[in-house]
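For the sequence shown, my numbering assigns the number 164 to the initial residue and increments by one for each residue that follows. C-beta atoms are modelled at their ideal positions from N, C-alpha and C, and glycine is treated no differently. Written below as structure tokens is the structure these notes are about.
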Amino acid sequence: MSIYNKLPTLERIIEAHQALKQQKPLVQCLTNTVSVNFMANVLLSAGASPAMVDNPEESAEFVHFAQAVVINLGTPTAALVESMKLAIAEAYTLNKPWVLDPIAAGALSWRGQLAADFLKFKPTVIRGNASEIIGLAGLGRNHKGFDSSDDPEHAIASAKFLLKHSAAVSASGEVDHIVAQTEDTKYWLAKIKGGSYFFPLVTASGCSLGALVAAYSAVTDPFNAVVTAHAHYAVAGKKAHAKADTPANFQNEFVNELYRIRADDFKQYLELSIEELRDTA
Numbered sequence: 164m165s166i167y168n169k170l171p172t173l174e175r176i177i178e179a180h181q182a183l184k185q186q187k188p189l190v191q192c193l194t195n196t197v198s199v200n201f202m203a204n205v206l207l208s209a210g211a212s213p214a215m216v217d218n219p220e221e222s223a224e225f226v227h228f229a230q231a232v233v234i235n236l237g238t239p240t241a242a243l244v245e246s247m248k249l250a251i252a253e254a255y256t257l258n259k260p261w262v263l264d265p266i267a268a269g270a271l272s273w274r275g276q277l278a279a280d281f282l283k284f285k286p287t288v289i290r291g292n293a294s295e296i297i298g299l300a301g302l303g304r305n306h307k308g309f310d311s312s313d314d315p316e317h318a319i320a321s322a323k324f325l326l327k328h329s330a331a332v333s334a335s336g337e338v339d340h341i342v343a344q345t346e347d348t349k350y351w352l353a354k355i356k357g358g359s360y361f362f363p364l365v366t367a368s369g370c371s372l373g374a375l376v377a378a379y380s381a382v383t384d385p386f387n388a389v390v391t392a393h394a395h396y397a398v399a400g401k402k403a404h405a406k407a408d409t410p411a412n413f414q415n416e417f418v419n420e421l422y423r424i425r426a427d428d429f430k431q432y433l434e435l436s437i438e439e440l441r442d443t444a
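Here it is, written out as structure tokens:
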């Protein structure tokens, strides 16, 4: 697909964060039933506007109003899948950014095929855990899909493979890995360290990250959007972790910190590295 990525920098991350706060992009969320409330709160606290418009009668029409769309395959009922198909096709036609979160794509055959079919509509970003990225690419076996059993380092080749369908691919983990290609055809790997060991104990934390990626995709290029979303998450998670001693406390503090983050927080807490990927990666 056409690539318009530039390398993310701290300055560009801060600019994207400011743009999100100023523009408050409307994100249409077609997501699983477990994630709806937390996803909406994450978007609101970060500076975006959520819209959970997910019925077949309205999903395509609403894409015209939304600045970005997130598709999450956590609980794919027949009606929701129909809504997703309609919204994705409309987003593709209108050239609006949309993010695919292929939950359990490598674990369950039906939804794996569904996610593969969605790739035909060129998601702007694919975001998942390492097992899901490997499963979607079809480059591995025995992957849980729901809870990542793979290190993101193992997903680099799969992420690179999926760039034929998407402008950027991210695999979440203790260190998030983000792979993208720039206009000079070089492949790049961004790594973001941080967050908290409480994240896996908070339902829909990964799903909501996908929604935040969609929000940032409305205000900057895909590579910078994914990196900025992960950076926002990691810094907020790091600050929240210092104040929390239980998963419930962490969840509340995390939402608070998403809202509080300023430019100085990125400068102080963000652990980001970017390297060129050689053919051997």
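| query | result |
| --- | --- |
| Beta bridge counterpart(s) of His339 as assigned by DSSP | Contrary to the premise, residue 339 reads as Asp rather than His in this sequence. DSSP output for Asp339 lists Ile355 as bridge partner(s). |
| Where Ile176 sits in the DSSP three-state scheme | helix |
| Check whether Ala330 and Ile341 have beta carbons under 8 angstroms apart | no |
| Residue range of the beta strand (DSSP E) that includes Arg441 | Segment: none, Arg441 is in no beta strand (DSSP E) and carries neither H nor E. |
| Span of the alpha helix (DSSP H) around Asn415 | 410 to 423 |
| Same chain, Cβ closer than 8 angstroms to Val226, five either side skipped, listed in chain order | Gln191, Val232, Ala250, Glu253, Ala254, Leu257, Lys259 |
| Simplified DSSP state of Ile289, which is helix, strand or coil | strand |
| Cβ contact (3+ pairs, closer than 8 angstroms) linking the region 374 to 388 and the region 398 to 416 | no |
| Closest Cα partner of Ala411 within the set Gly336, Lys285, Phe201, Val365 | Val365 |
| Proximity to Ser208 [Cα-Cα], best of Glu416, Arg175, Pro286 | Glu416 |
| Element boundaries [beta strand (DSSP E), containing Val226] | No beta strand (DSSP E) holds Val226; the alpha helix (DSSP H) holding it covers 222 to 226. |
| Simplified DSSP assignment, three categories, for Ile234 | strand |
| Min CB distance Val332 to chain C below 8 angstroms | In the structure shown, chain C cannot be found, because there is only a single protein chain. |
| Top-ranked residue by Cα proximity to Ile234, from Ala300, Arg274, Glu438 | Arg274 |
| Thr409 burial status per 10 Å Cβ neighbour count (16 or more: buried) | exposed |
| Collapsed DSSP secondary structure at Ser321 in the structure displayed | helix |
| Environment of Lys248 [buried if 16+ CB atoms lie within 10 Å] | buried |
| Proximity of Trp351 and Leu170 at Cβ, strictly below 8 angstroms | yes |
| Rounded separation between Asp427 and Gln276 - CA only | 43 angstroms |
| Host beta strand (DSSP E) of Leu263 (start-end) | 261 to 264 |
| Boundaries of the beta strand (DSSP E) in which Leu193 is found, first to last residue | 189 to 193 |
| Ala229 in three-state terms, based on DSSP | coil |
| Residue environment, Ala405, which counts as buried when at least 16 other CB atoms sit within 10 Å | exposed |
| Range covered by the beta strand (DSSP E) that runs through Ala214 | 212 to 214 |
| Lys430 classed as buried or exposed, judged by whether at least 16 other C-beta atoms fall within 10 angstroms | exposed |
| Rounded C-alpha distance that separates Ala334 from Asn195 | 19 angstroms |
| Cβ-Cβ distance between Asp264 and Arg290 below 8 angstroms | yes |
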